[in-house]
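Okay, so here's the structure we're looking at.
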Amino acid sequence: MRRYLIRRLARTIFALWGISTIVFIVMRLSGDPAVLLLPQEASVEDVRRLRQELGLDEPFPVQYLRFLGNSLRGNFGESFRHKEPAMRLVRLHLWATLELSFAAFCIATVVAVPSGILAAVKPNSLYDHAAMSLALVGQSAPTFWIGIMLILAFGLGLPWFPIGGRGTWKHLVMPAITLGAFAMASIARLTRSAMLEVTRLDYITAARAKGLGEGRIIWRHALKNAAIPIVTIMGLQFGALLGGAVVTETVFSWPGIGRLAIQGIYNRDYPVVQAAVFTAAVFFVGINFVVDLLYTLLDPRIRYE
Amino acid sequence: MSKRFPPLVGFSLFILLTLIVTALFSPQVAPHNPIRERLLDRLLPPAWDQDGDWHYVLGTDHLGRDLLSRIIFGSRVSLAVGVAAVVVGGALGISLGVTAGFFGGRLDEVIMALADMQLAFPTILLAIAIIAVLGPSFANLVVVIGISGWVTYARIARGQVLSLREKEFVEAIRAQGGNQFRIIIRHILPNILSPLIVVATLDLARTIILESTLSFLGLGIQPPTPSWGGMLSDGREYLLSAWWIATFPGVALMLTALSFNRLGDWIRDLADPRLRRTELR
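From first to last, the protein sequence lines stand for chains A and B. Here this note's numbering is used: position 232 in the first sequence is 232, and no number is missing along the way. Add 305 to the 1-based position in the second sequence for this note's numbering, that's all there is to it.
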């Protein structure tokens with residue numbers, strides 16, 4: 001277990017280093033932010049001075065080493081545009097993204113797991129077909145389009161929910177459903193097939209033969225053994241939510257780090273993009289790590305050497 | 306039909322066939338020029354609306370361009386970028402996965418660490434950042450979208466190769482002094498292809514949606530060339546006055562992705578009958 005943890009940690013650090021390096025290179029290739037930040041009539045001298053101020057006139061490797069050293073300390077520099085530490089901006093926006101992702105994840109799980117189980121209990125029934133067709137639709141519709149359709153139906157057609165911004169719980173409803181739709185569909189489909197696989201096994205037949213109630217068999221005996229793949233996909237989907245948040249936040253003007261990163265990319269605000277992407281990656285990697293550890297709790301047979 | 310195909314498979318095949326035909330023969334199929342603007346006819350609703358006009362079956366957009374024709378031409382962008390990206394991602398992923406599985410050792414470690422690294426990255430952010438830097442050309446889109454998907458191919462290919470490597474027939478060829486590269490091309494690849502075809506089919510749904518997402522964010526194929534994502538982005542500005550602009554291109558997108566997803570599932574069930582009873586029918 002110890003060795004596994006160390007190896008796993010090494011990989012995680014390697015991944016985070018690689019990600020920040022790629023982002024560093026990509027953002028530096030994207031042109032000169034000094035030109036973008038200054039008004040059009042700025043002189044060559046102005047541009048030169050600003051470049052010096054931002055540390056952009058130094059050789060590339062020097063910039064890179066300084067970037068690495070600073071990012072280890074969580075310091076990604078000051079936002080070019082907002083004149084504030086980039087990490088501070090990210091922290092201010094992080095809560096909104098976590099709130100949205102968490103809400104989306106809860107909606108997805110609460111709807112998907114029972115729907116998947118019910119579909120598995122009565123395979124090939126009308127309910128099964130309806131639920132799984134709906135899941136296929138949810139998996140196939142682009143996130144941003146689901147958002148637009150919700151706005152059209154429940155923001156404009158029936159003005160039940162605000163169409164953008166963050167504030168009351170009402171603001172959260174449509175973005176959370178939009179963001180959660182894909183995860184919901186994936187979790188429902190996987191829950192169904194995991195349950196079907198388990199309910200075919202002998203110990204379930206034995207439980208039935210013993211005369212246990214069907215409800216008890218499904219919820220206590222079958223679900224426990226179907227839990228591993230379900231938890232795996234839930235972990236993966238929670239990670240994927242962070243990516244989907246970029247689009248959802250844009251559609252609903254949700255003030256999270258996804259939207260912050262997109263605006264940063266458009267404004268070539270390197271420090272903000274780097275800080276946002278790095279933070280998202282830390283969360284993603286962390287969640288996968290937790291899921292791996294959860295396995296050992298769910299199935300004591302799994303031991304990491 | 307439903308006796309021979311499971312539900313939705315016939316439908317999916319029909320949708321994809323229609324899509325391919327309209328993409329190949331867009332100029333013949335489309336009723337109008339997709340980029341000609343007619344401001345007099347702007348924001349006309351679909352034909353069945355009381356203000357609609359059968360001249361423009363799905364209505365017109367804010368510049369008076371025929372929506373149906375734009376959807377028909379838009380299928381070209383989606384299919385071209387989607388298929389090309391699958392080829393790029395598949396080729397890269399399969400080469401790396403086979404290499405990792407066949408040779409093992411350090412090489413395997415490095416490739417799999419790379420895969421982990423990519424999985425730890427919100428793909429869409431990477432794609433947006435790179436496209437914003439390099440500019441939204443066809444080639445850039447294909448490469449970025451393709452590379453964003455290589456990991457799945459690599460993992461599946463690697464897993465398959467790991468189990469094949471130990472099989473007697475590979476051993477036998479090795480014993481006869483078969484060349485490594487030849488073993489991979491002639492004997493390993495054909496045997497691992499069927500799960501990879503499933504991955505590729507499902508990946509098409511992903512690449513097409515990612516392309517539309519980038520277009521929606523203004524980073525796809527640039528106007529006036531019609532693309533579904535770009536049309537949805539236009540339509541978003543006119544939600545109050547013209548719901549149809551933001552609706553129909555999305556329906557086209559969803560049907561396309563749904564058909565590839567359904568078809569992929571179906572091929573998987575065919576290829577692996579053990580799963581047939583459990584997977585979605």
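Note that the Cβ used here is the ideal one computed from N, Cα and C, for glycine as well. Here the structure is a predicted model, which means the values were calculated and not measured.
Self-check item: Inter-residue Cα distance where the pair is residue 547 of chain B and residue 43 of chain A
Solution: Counted from its first residue, the second sequence places residue 547 of chain B at position 242. Counted from its first residue, the first sequence places residue 43 of chain A at position 43. Taking the straight line from one Cα to the other gives about 46 Å.
Quiz prompt | Nearest neighbour of residue 251 of chain A, chosen from B:540, B:334 and B:568 [CA to CA] | solution = Counted from its first residue, the first sequence places residue 251 of chain A at position 251. Out of B:540, B:334 and B:568, B:540 has the C-alpha closest to the C-alpha of residue 251 of chain A.
Quiz item: Are the C-beta atoms of residue 421 of chain B and some chain A residue less than 8 Å apart?
Solution: Residue 421 of chain B sits at position 116 when you count from the first residue of the second sequence. At least one chain A Cβ lies under 8 Å of residue 421 of chain B.
Practice problem: With a 10 Å radius around its C-beta and 16 neighbouring C-beta atoms as the bar for buried, classify residue 185 of chain A as buried or exposed. | Solution: Looking up residue 185 of chain A in the first sequence gives position 185. Buried, because 16 or more other Cβ atoms sit within 10 Å of the Cβ of residue 185 of chain A.
Practice problem: Can you give me the Cβ contacts of residue 9 of chain A inside the same chain, cut-off strictly under 8 Å, excluding the 5 residues immediately before and after it? | Solution: Start at 1 with the first residue of the first sequence, and residue 9 of chain A comes out as number 9. Once the five neighbours on either side are set aside, residue 9 of chain A has no close Cβ partner at all.
Quiz item: Who are the near neighbours of residue 256 of chain A in its chain, counting only those whose CB is closer than 7 Å to its CB and skipping five residues on each side?
Solution: Position 256 of the first sequence, counting from 1, holds the residue named residue 256 of chain A. Cβ neighbours of residue 256 of chain A beyond the five flanking positions: 93, 96, 97, 100, 245 and 249.
Quiz item: residue 536 of chain B CB to nearest chain A CB: under 8 Å?
Solution: As a working note, residue 536 of chain B is residue 231 in the second sequence. No, residue 536 of chain B does not count as interfacial toward chain A.
Practice problem: Check residue 552 of chain B in the structure and name its three-state DSSP category. | Solution: On the second sequence, residue 552 of chain B is found 247 positions in, with the first residue counted as 1. Note: residue 552 of chain B maps to coil in three-state DSSP.
Quiz item: Should residue 313 of chain B go down as buried or exposed, given a rule of 16 or more other Cβ atoms within 10 Å for buried?
Solution: For the purposes of this step, residue 313 of chain B is identified with residue 8 of the second sequence, where counting begins at 1. Counting the other CB atoms within 10 Å of its CB gives residue 313 of chain B a total of 16 or more, which places it among the buried residues.
Quiz prompt | Nearest residue (CA-CA) to residue 435 of chain B, options A:28, A:188, A:285 and A:300 | solution = Start at 1 with the first residue of the second sequence, and residue 435 of chain B comes out as number 130. Closest by alpha carbon: A:28.
Exercise. Would you mind sorting residue 187 of chain A into buried or exposed? The rule is 16 or more other CB atoms within 10 Å of its CB.
Key: The residue given as residue 187 of chain A occupies position 187 in the first sequence. Around the Cβ of residue 187 of chain A, a 10 Å sphere holds 16 or more other Cβ atoms; the residue is buried.
Quiz item: Taking C-alpha atoms, which residue in B:327, B:380, B:533 and B:501 lies nearest to residue 462 of chain B?
Solution: Translated into positions along the second sequence, residue 462 of chain B becomes position 157. With distances taken between Cα atoms, residue 462 of chain B lies closest to B:501.
Quiz item: How many Å lie between residue 568 of chain B and residue 526 of chain B at the Cα?
Solution: Reading the second sequence from its first residue, position 263 is the one you call residue 568 of chain B. Reading the second sequence from its first residue, position 221 is the one you call residue 526 of chain B. Taking the straight line joining both Cα atoms gives about 27 Å.
Practice problem: Throw me the rounded Cβ distance for the residue 243 of chain A and residue 430 of chain B pair, which I believe falls under 8 Å. | Solution: Mapped onto the first sequence, residue 243 of chain A falls at position 243. Mapped onto the second sequence, residue 430 of chain B falls at position 125. Indeed they touch by this definition, with Cβ atoms about 7 Å apart.
Practice problem: Work out the CA separation of residue 145 of chain A and residue 465 of chain B for me, nearest whole Å. | Solution: By one-based count along the second sequence, residue 465 of chain B stands at place 160. By one-based count along the first sequence, residue 145 of chain A stands at place 145. Whole-angstrom Cα-Cα distance: 37 Å.
Exercise. Give a yes or no on contact between the segment 202-222 of chain A and the segment 158-169 of chain A, applying the rule of three or more CB pairs nearer than 8 Å.
Key: With the cut-off at 8 Å, the segment 202-222 of chain A and the segment 158-169 of chain A do not touch.
Quiz item: Under the rule that 16 or more other beta-carbon atoms within 10 Å means buried, what is residue 403 of chain B, buried or exposed?
Solution: What you label residue 403 of chain B is simply residue 98 of the second sequence in a count that begins at 1. When all chains shown are included, residue 403 of chain B counts as buried.
Quiz item: When we look at the beta-carbon of residue 307 of chain B and count the other beta-carbons within 10 Å, is it buried (16 or more) or exposed?
Solution: Position 2 of the second sequence, counting from 1, holds the residue named residue 307 of chain B. Note on residue 307 of chain B: pLDDT 44, under 50, position unreliable in the model; no value is reported.
Quiz item: Near residue 76 of chain A, which residues of its chain fall below 6 Å by C-beta distance, leaving aside the five closest residues on each side in sequence?
Solution: Residue 76 of chain A sits at position 76 when you count from the first residue of the first sequence. The residues are 86, 87, 271, 274 and 275.
Quiz item: Who are the Cβ neighbours of residue 38 of chain A in its own chain at under 7 Å, not counting the five residues just before and after it?
Solution: Locating residue 38 of chain A in the first sequence gives position 38, counting from the first residue. Counting only Cβ-Cβ distances below 7 Å, and skipping sequence neighbours, we find 46, 47 and 50.
Exercise. Return the CA-CA distance between residue 340 of chain A and residue 84 of chain A, expressed in angstroms with no decimal places.
Key: Residue coverage of chain A in this structure runs from 1 to 305, which leaves residue 340 of chain A outside it and unanswerable.
Quiz item: Any residues in the segment 134-163 of chain A with a beta carbon nearer than 9 Å to a beta carbon of chain B? Which ones, in chain order?
Solution: Taken in chain order, the members of the segment 134-163 of chain A whose beta-carbon sits within less than 9 Å of a beta-carbon on chain B are 135, 136, 137, 139, 140, 141, 142, 143, 144, 145, 146, 148, 149, 151, 152, 155, 156, 157 and 163.
Practice problem: Please report the residue range of the alpha helix (DSSP H) in which residue 281 of chain A lies. | Solution: Your numbering for residue 281 of chain A matches position 281 in the first sequence. Segment 270-298, the alpha helix (DSSP H) holding residue 281 of chain A.
Quiz item: If you compare alpha carbons, which of A:54, A:91 and A:68 is closest to residue 279 of chain A?
Solution: As a working note, residue 279 of chain A is residue 279 in the first sequence. Measuring from the Cα of residue 279 of chain A, the nearest candidate turns out to be A:91.
Quiz item: According to a CB-to-CB cut-off of less than 8 Å, which residues of the segment 264-275 of chain A neighbour chain B?
Solution: Going along the segment 264-275 of chain A in chain order, one finds 265, 266 and 273 with a Cβ nearer than 8 Å to chain B.
Quiz item: Can you name the start and end residues of the alpha helix (DSSP H) that residue 1 of chain A belongs to?
Solution: Along the first sequence, read from residue 1 onward, the residue named residue 1 of chain A stands at position 1. From DSSP, residue 1 of chain A is part of no alpha helix (DSSP H); its letter is neither H nor E.
Quiz item: Would residue 25 of chain A be called buried (16 or more neighbouring beta carbons within 10 Å of its own) or exposed?
Solution: Within the first sequence, the letter at position 25 stands for residue 25 of chain A. Answer is exposed; the Cβ neighbour count stays below 16.
Quiz prompt | Own chain partners of residue 247 of chain A with C-beta closer than 7 Å, once the 5 adjacent residues on each side are dropped | solution = Counting from 1 along the first sequence, the entry for residue 247 of chain A is found at position 247. Apart from the 5 residues on each side of it in sequence, residue 247 of chain A sits with its Cβ closer than 7 Å to the Cβ of 143 and 144 in its chain, given in chain order.
Quiz item: If you scan the segment 107-174 of chain A from start to end, which runs of the alpha helix (DSSP H) of 4 or more residues do you find wholly inside it?
Solution: With a minimum length of 4 residues, the continuous alpha helix (DSSP H) runs that stay inside the segment 107-174 of chain A are 126-140 and 143-150.
Quiz item: What does DSSP give as the partner residues of residue 78 of chain A in its beta bridges?
Solution: As a first step, residue 78 of chain A must be located in the first sequence, where it is residue number 78. Per DSSP, A:85.
Quiz item: According to DSSP, is residue 428 of chain B helix, strand or coil?
Solution: Looking up residue 428 of chain B in the second sequence gives position 123. Of the three classes helix, strand and coil, the one that applies to residue 428 of chain B here is helix, per DSSP.
Exercise. Determine which residues of the segment 310-337 of chain B have a Cβ less than 9 Å from any Cβ of chain A, and write them out in chain order.
Key: 312 and 313
Self-check item: Where residue 191 of chain A meets chain B, residues with beta-carbon distance less than 8 Å
Solution: Numbered from its first residue, the first sequence carries residue 191 of chain A at position 191. Those do not exist, as residue 191 of chain A stays about 12 Å from chain B at its closest Cβ, beyond 8 Å.
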